[in-house]
Amino acid sequence: MTAAPMTASPDPARQLLRHTLATLAYRAGKALRGAPDHFGTFHIGEKTRTPAQILAHMGDLFDWALTIAQGKQAWHDSAPLPWDAEVKRFFAAIQKFDDYLASSGPLHGSAEGLFQGPVADALNHVGQIAMLRRLAGSPILGENYFKAAITAGRVGLDQAAPRREFE
36 MTAAPMTASP DPARQLLRHT LATLAYRAGK ALRGAPDHFG TFHIGEKTRT
86 PAQILAHMGD LFDWALTIAQ GKQAWHDSAP LPWDAEVKRF FAAIQKFDDY
136 LASSGPLHGS AEGLFQGPVA DALNHVGQIA MLRRLAGSPI LGENYFKAAI
186 TAGRVGLDQA APRREFE
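Residues 36 to 202 (the numbering used here) are what the sequence shown spells out, left to right.
Put into structure tokens, the structure is as follows:
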């Protein structure tokens, strides 16, 4: 599926929401790429989620966001898939939501509500996954995200190469 290009829109909030999704996809891609085989089931305590459980929840957040945007809000708790399949499901869910935002379809929930609910929650979870990577012995490099090549519509696992990473 190709990225829907950012177009001039009378709704700047909707466009900022699309850029936020691209930012989230960029950061998630960095945290997910190159994870060790055992990472999806890595567990730090009995009352914590595994990375696969967190990622399944993130996919559910974007499925939910799409139903809100389409005016038929519905929530579903998904059991985590095997790690590679869960990564694909997450990026497919964010792509479907971004495609809807890029369309002329009406936005039934406010952009602000979508940001403060599912999108902001997913941003938190990307940070959790990055932290769990470090705890699992496979840390990701820090990066100057201000310099990152992030473009609205690019919401898949395949992202631009980092411009300035550091340890």
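Cβ atoms here follow ideal geometry from the backbone N, Cα and C, with glycine treated the same way.
- Check F77 in the structure and name its three-state DSSP category. Reduced to three states, the DSSP call for F77 is coil.
- If we ignore side chains and look at the alpha-carbon of each, how far apart do R49 and L142 end up? For R49 and L142, the gap between their C-alpha atoms comes out near 9 Å.
- Between which two residues does the alpha helix (DSSP H) containing P153 stretch? Boundaries for P153: no alpha helix (DSSP H) harbours it, and the DSSP string shows neither H nor E there.
- Which residue's Cα is closest to the Cα of P174: A104, A57, A100, A66? Ranking A104, A57, A100, A66 by Cα distance to P174 puts A66 first.
- Message: By alpha-carbon positions, which one of F125, R62, H111, A60 ends up nearest to L90?
- Response: Selected option, being the one with the closest Cα: F125.
- Query: Does the Cβ of E121 have 16 or more other Cβ atoms within 10 Å, making it buried, or fewer, making it exposed?
  - Reply: Around the C-beta of E121, 16 or more other C-beta atoms lie within 10 Å, and the residue is accordingly described as buried.
- Query: Which one or two residues does DSSP pair with F201 in a beta bridge?
  - Reply: G177, per the DSSP bridge assignment.
- Proximity to A187 [Cα-Cα], best of G64, R53, R84: Each of G64, R53, R84 was checked against the Cα of A187, and the nearest Cα belongs to R53.
- Item | Cutoff 8 Å; reference L116; Cβ partners in own chain excluding five residues on either side | The beta carbon of L116 is closer than 8 Å to those of A87, A91, R124 in its chain, skipping five residues each way along the sequence.
- Close-in-space but distant-in-sequence residues of the same chain around L176 (CB under 7 Å, 5 per side omitted): Cβ within range, chain order: E200, F201, E202.
- Under the three-state reduction of DSSP, which class applies to D119: helix, strand or coil? Under the three-state reduction of DSSP, D119 is assigned to helix.
- Message: Residues in the same chain with beta-carbon distance under 6 Å from F132, minus the five sequence neighbours each way, listed in chain order, please.
- Response: If we look at F132 and ignore the five residues flanking it on each side, its Cβ neighbours are F97, A100, L101.
- Task: Determine the contact status of T83 and F150, defining contact as a CB-CB distance below 8 Å.
- Result: Contact: no.
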